[in-house]
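Just below is one structure, and these are the notes that go with it.
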Amino acid sequence: MTTPAVSVVIPAYRAGAVLPRAVGSVLQGGLPEAALEILVESDDGADYPAAAALSPAVKVGVSGAVASGVGPARNRALDRATGDWVAFLDADDWLAPGFLAEAVALAEGSGAAMARLEVRLAGETIFDLARHGAGADFDLAARTGASLRPVVRRTRVGRFRNLLSQDVAHGLEVIGAHGGRLPLTAAPYVMELTEGSVTDAGDFADRVEAAYRDHIRAFRAGETVLSPDCAEAAARVFEAKMALNRRHASEGAGRHFYAFAAGVAG
1 MTTPAVSVVI
11 PAYRAGAVLP
21 RAVGSVLQGG
31 LPEAALEILV
41 ESDDGADYPA
51 AAALSPAVKV
61 GVSGAVASGV
71 GPARNRALDR
81 ATGDWVAFLD
91 ADDWLAPGFL
101 AEAVALAEGS
111 GAAMARLEVR
121 LAGETIFDLA
131 RHGAGADFDL
141 AARTGASLRP
151 VVRRTRVGRF
161 RNLLSQDVAH
171 GLEVIGAHGG
181 RLPLTAAPYV
191 MELTEGSVTD
201 AGDFADRVEA
211 AYRDHIRAFR
221 AGETVLSPDC
231 AEAAARVFEA
241 KMALNRRHAS
251 EGAGRHFYAF
261 AAGVAG
């Protein structure tokens, strides 16, 4: 049996309406179907037959866990992964055509690559990570407050915490473990938002601040694979994110967080 080139991890919670689009975008990622392992990890007990029917590459994991959180769901999928590389996709997001082929090519040269995050609201692009830097490093993460979606070797992928912004903490560990800077893909990872989404809620800053403080504590306590210098840089990213969230709460009334962040990131 041929080992797949890429395992794509997709946690799913009440995702029946959007998951087929996410899976379809993986199939259009520029790699042969035989090179893909699409690991849908159910966090609601559903077996998602419509998504599974799209391709033999789709493998739905139903552990019995319900509402365990995105981090634990990703970790369960990672336990099943067999690909040389691992990519991450949320069920309500999608990958631009050719994304996976490009990301793997970049990662082969540097050990990992970071997705160019593009955030759309009602069909309009309100944030594009590539407008704020040519590569992914601690500075870019601090200035933009962006979600981080790496493509990384499975043997170096690491684990996710069960906290808000666990994707950022994980992405910072990938950046730090690969020299402090990763290439950005040209093809975007598209986060499609609607009014009233989690990051658009008026109490966003209040609900995530406790999680940010816990991430800061963990990095400074050495609960990470990073060197002390990189762990401190990661902690400072979360301090910057906390400050950005507070600024959004006080100055960004009526503006989505990502639209506000795009305006102040520089």
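Using the UniProt record's numbering, read the sequence shown as starting at 1 and increasing by one per residue. Every residue, glycine too, gets a C-beta built ideally from N, C-alpha and C. The model shown is predicted, which means the values in this text are computed figures rather than measured ones.
I need the boundaries of the beta strand (DSSP E) containing residue i, first residue and last residue.
| i | result |
| --- | --- |
| D128 | E124 to D128 |
| L36 | L36 to S42 |
| E108 | Unbroken run through E108 is the alpha helix (DSSP H), F99 to S110; no beta strand (DSSP E). |
| S165 | From DSSP, S165 is part of no beta strand (DSSP E); its letter is neither H nor E. |
| R153 | P150 to R153 |
| L95 | D93 to L95 |
| G135 | G135 to D137 |
Is residue i helix, strand or coil when you go by DSSP?
| i | result |
| --- | --- |
| Y189 | strand |
| S55 | coil |
| P72 | helix |
| R14 | coil |
| L78 | helix |
| P32 | coil |
| V60 | strand |
| R131 | helix |
| V66 | coil |
| A146 | coil |
| P49 | helix |
| A5 | coil |
| V157 | coil |
Would you mind stating whether residue i and residue j have Cβ atoms separated by less than 7 Å?
| i | j | result |
| --- | --- | --- |
| P94 | S7 | The question names Pro, yet the displayed sequence has Trp at residue 94. For W94 and S7, no; Cβs fall outside 7 Å. |
| E173 | L140 | no |
| G180 | D137 | yes |
| L129 | R143 | no |
| L121 | L193 | yes |
| V190 | V86 | no |
| K91 | V18 | In the sequence on display, residue 91 carries Ala and not Lys. Going by C-beta atoms, A91 is nearer than 7 Å to V18. |
| F219 | A243 | no |
| G252 | F260 | yes |
| A77 | R154 | no |
| V60 | P11 | no |
| L163 | A211 | yes |
| F160 | R21 | no |
| L27 | S55 | yes |
| V58 | I38 | yes |
| G176 | C230 | yes |
| P150 | G171 | yes |
Going by CA-CA distance only, name the one from the options that's closest to residue i.
| i | options | result |
| --- | --- | --- |
| A67 | H178, Y13, A105 and D137 | Y13 |
| P72 | D43, D84 and D92 | D43 |
| A187 | E41, G30, F238 and I10 | G30 |
| V9 | A35, E41 and G16 | E41 |
| I216 | A107, A240 and E124 | A240 |
| residue 267 | A91, I126, P97 and R161 | Residue numbering for the chain in the displayed model covers 1 to 266; residue 267 lies beyond these limits and cannot be assessed. |
| V104 | A35, R161, A50 and A46 | A35 |
| A169 | D214, N245 and L78 | D214 |
| V152 | G123, E102 and R161 | E102 |
| A249 | F238, C230 and E209 | E209 |
| L106 | P183, K59 and G69 | P183 |
How far does the alpha helix (DSSP H) with residue i in it extend, from its first residue to its last?
| i | result |
| --- | --- |
| V86 | From DSSP, V86 is part of no alpha helix (DSSP H) but of the beta strand (DSSP E) over W85 to F88. |
| V26 | L19 to L27 |
Can we count residue i as close to the ligand ZN, meaning its CB is less than 6 Å from some heavy atom?
| i | result |
| --- | --- |
| A5 | Ligands displayed in this structure: none; no statement on the ligand ZN is therefore possible. |
### Message
Restricting to runs no shorter than 4 residues, where is the alpha helix (DSSP H) found entirely within the region 193-263?
### Response
204-220 and 228-251
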